[in-house]
Amino acid sequence: MRSCYQERVTEPRRGLLYGVVAYALWGIVPIYWKLMSRISPIEILAHRVVWGVVALGVIVWLAGAVPTVRTALADRRTIAVMALSGGLLVINWGVFIFAVSTDRLLDASLGYFINPLISVALGTLVLRERLRGLQWVAIAFALVGVVIRTWSVGHLPWISLVLALSFGCYGLVRKLARIETLAGSMIETLLLAPAAAIYLVVLAARGGGELGHAGLGIELLLLSTGVVTALPLLLFTGAARRLPLSTIGFLQYLAPTGQFVLAVLIYDEAFAREQLISFGLIWLALAAFSVDLVRQARFARLSRTGP
4 MRSCYQERVT EPRRGLLYGV VAYALWGIVP IYWKLMSRIS PIEILAHRVV
54 WGVVALGVIV WLAGAVPTVR TALADRRTIA VMALSGGLLV INWGVFIFAV
104 STDRLLDASL GYFINPLISV ALGTLVLRER LRGLQWVAIA FALVGVVIRT
154 WSVGHLPWIS LVLALSFGCY GLVRKLARIE TLAGSMIETL LLAPAAAIYL
204 VVLAARGGGE LGHAGLGIEL LLLSTGVVTA LPLLLFTGAA RRLPLSTIGF
254 LQYLAPTGQF VLAVLIYDEA FAREQLISFG LIWLALAAFS VDLVRQARFA
304 RLSRTGP
């Protein structure tokens, strides 16, 4: 009885750890993509998919998950769901790389600030997850902050909207998919690999492409895109299967916070007063949500122990 209870407690904690680390890595990953800003975003994306398959394949083999992947590949429904999640993922990857390479990291951070609102909406509308009063207050703060940030841009922030919608829907699809985390990540990137590989082969046949023509540093960066892709993705999908989608939604503020700091302090992108107000409101939303989580955990503990 006690071991079952401990297992129920451990899984959410493990999911929380996975989520925090995943979003922290995504918060600092623009530094990596910025090093390759002179390369076409499409070429970087193709390398990311191809070497992502290689990295995930090694992990699958080491983890002894090859039979699980084979079984999943024999299920047409699984293939269809993973094709959908893979399509959403490649859109998200491509737009984000484009944003970093064109000095629009603030637009990208806005997209990932909006993303939790998308996740919360999907959680309540599709999965029927219920939010408590203080959580609605948090959503209100975050929504006002996002509106102010959008207004300060002065035009429709398409980069932000595409990033928010694509990754929010990706999180929902992966949560609903009946497949283990590692196998799912392997299959969705495997389905994308043929198109990416064909693109790189054609590019090389025409005398283009960086691999084989660039310096050793750039080539190593391209080859390591697989590891950079696989690690946070595995952590995220592990968190998505252990936590409510609404909790995942608010954890996502960690990544755009890191991106925001990099854009303003390291890459010197324009920063106005409205952006500071927006950032402050979103942190207030996080604070309200955190207080609610602490209160709920304390209430659950008291309910188990009794008066």
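For what it's worth, the numbering used here labels the leading residue of the sequence shown as 4, then goes sequentially. Here a beta-carbon is modelled for each residue, glycine too, at the ideal position from N, C-alpha and C. Note that the coordinates shown come from a computational prediction; the quantities given were computed from them, not determined experimentally.
- [ ] State whether the region 191-207 contacts the region 133-149, with contact taken as three or more CB pairs (one from each stretch) at a distance under 8 Å.
- [x] The region 191-207 vs the region 133-149: no contact.
- Run through the region 218-285 for me and flag every whole alpha helix (DSSP H) of 4 or more residues, listed as ranges in chain order. 219-226, 228-243, 248-254, 257-264
Do you know whose CA, among R73, L175, D78, lies nearest N118's CA?
Position 115 of the sequence shown holds residue 118. When only C-alpha atoms are compared, the closest one is L175.
Quiz item: So, helix, strand or coil for P70, using DSSP?
Solution: Counted from its first residue, the sequence shown places residue 70 at position 67. P70 falls in the helix class under three-state DSSP.
Would you grab the beta carbon distance between V214 and E222 for me? Rounded to a whole angstrom, and I think it's under 8 Å.
-> Within the sequence shown, the letter at position 211 stands for residue 214. Within the sequence shown, the letter at position 219 stands for residue 222. Note that residue 214 is Leu in the sequence shown here, rather than Val. Their Cβ separation, rounded to whole angstroms, is 6 Å, which keeps L214 and E222 in contact under 8 Å.
Among residues of its own chain, excluding the 5 on either side of A66, which ones have a beta-carbon nearer than 7 Å to its beta-carbon? Taking the first residue of the sequence shown as position 1, residue 66 is located at position 63. Cβ neighbours of A66 beyond the five flanking positions: L185.
Give the secondary structure of G60 by DSSP, where H, G and I count as helix, E and B as strand, and everything else as coil. Position 57 of the sequence shown, counted from the start, is the residue given in the question as residue 60. Reduced to three states, the DSSP call for G60 is helix.
### Task
Note down, in chain order, each residue of its chain lying with its Cβ closer than 7 Å to the Cβ of T240, except the 5 sequence neighbours on either side.
Here residue 240 refers to the residue found at position 237 of the sequence shown. In its chain, beyond the 5 residues on either side, R177, T184, G187, S188 have a beta carbon closer than 7 Å to the beta carbon of T240.
*Got a sec? Which residues, its chain only, sit under 6 Å from A288 by beta carbon, not counting five neighbours each side?*
Taking the sequence shown and counting its residues from 1, one reaches residue 288 at position 285. For A288, where only same-chain residues beyond five positions count, the Cβ hits under 6 Å are A141, F144, A145.
Task: Selected residue, minimal CA-CA separation from V150, among G171, A124, L113 - done: Numbered from 1 along the sequence shown, position 147 holds the residue referred to as residue 150. For V150, the nearest C-alpha among the options comes from L113.
Notebook entry, point to check: Is the beta carbon of L166 less than 8 Å from the beta carbon of F99?
Noted result: Looking up residue 166 in the sequence shown gives position 163. Looking up residue 99 in the sequence shown gives position 96. For L166 and F99, yes; Cβs fall inside 8 Å.
So what's M85 in DSSP terms, helix, strand or just coil? Counted from its first residue, the sequence shown places residue 85 at position 82. Three-state result, M85: helix.
key: Top-ranked residue by Cα proximity to S281, from L238, L109, E14   = Position 278 of the sequence shown holds residue 281. Answer by Cα proximity: L109.
Report the residue from G212, T250, A86 whose alpha carbon sits nearest the alpha carbon of R16.
-> As a first step, residue 16 must be located in the sequence shown, where it is residue number 13. Out of G212, T250, A86, T250 has the C-alpha closest to the C-alpha of R16.
Exercise. Between the Cα of F116 and those of R79, L237, A273, G30, spot the shortest distance and give me the residue it belongs to.
Key: Locating residue 116 in the sequence shown gives position 113, where the first residue counts as 1. Of the candidates R79, L237, A273, G30, the one whose C-alpha sits nearest the C-alpha of F116 is G30.
**Request:** Classify S293 as helix, strand or coil using the three-state DSSP reduction.
**Result:** Taking the sequence shown and counting its residues from 1, the one referred to as residue 293 is at position 290. The answer is helix: DSSP assigns S293 an H, G or I state.
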